[in-house]
Amino acid sequence: MLLRRNRRAKPPPFSHPPLRSRVAGRTLTDFVVATVQEAAQHAIEQAEVTRLSLADQQRFAEALLTPPRRSPALQRAMARHDKLLRTE
């Protein structure tokens, strides 16, 4: 004879939003809005982070410390920019 037992696992007590909102001292709506805002902020921060390999980090630092020479075109563009912004 086979005995079968069906048993559901209960979710952790703080995974239930109404209970979590009461523990946090907020209304359910305030709790949900704040949680969504925090998740959105986290997603934005993760999207804005640029991850570089060690070799890329070294190349980036080297470019900052020893920038390439200014080309003639860049020098002309800088001169035009200065002329446009000069107030006399």
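Residue numbers for the sequence shown follow this note's numbering, so the first one is 1270 and each next one is one higher.
Idealized CB from N, CA, C, for every residue including glycine.
Reference residue i, options the options, closest by Cα
i: residue 1304; options: 1314, 1289, 1318, 1315; result: 1289
Which of helix, strand or coil DSSP assigns to residue i
i: residue 1291; result: helix
i: residue 1321; result: coil
i: residue 1285; result: coil
i: residue 1298; result: helix
i: residue 1337; result: coil
i: residue 1356; result: coil
CA-to-CA distance, residue j to residue i, given in whole angstroms
i: residue 1342; j: residue 1334; result: 22 Å
i: residue 1344; j: residue 1336; result: 14 Å
i: residue 1311; j: residue 1317; result: 10 Å
i: residue 1346; j: residue 1296; result: 58 Å
i: residue 1327; j: residue 1313; result: 26 Å
i: residue 1353; j: residue 1338; result: 23 Å
i: residue 1287; j: residue 1302; result: 13 Å
Beta-carbon proximity check, residue i vs residue j, cutoff 8 Å
i: residue 1309; j: residue 1300; result: no
i: residue 1323; j: residue 1329; result: no
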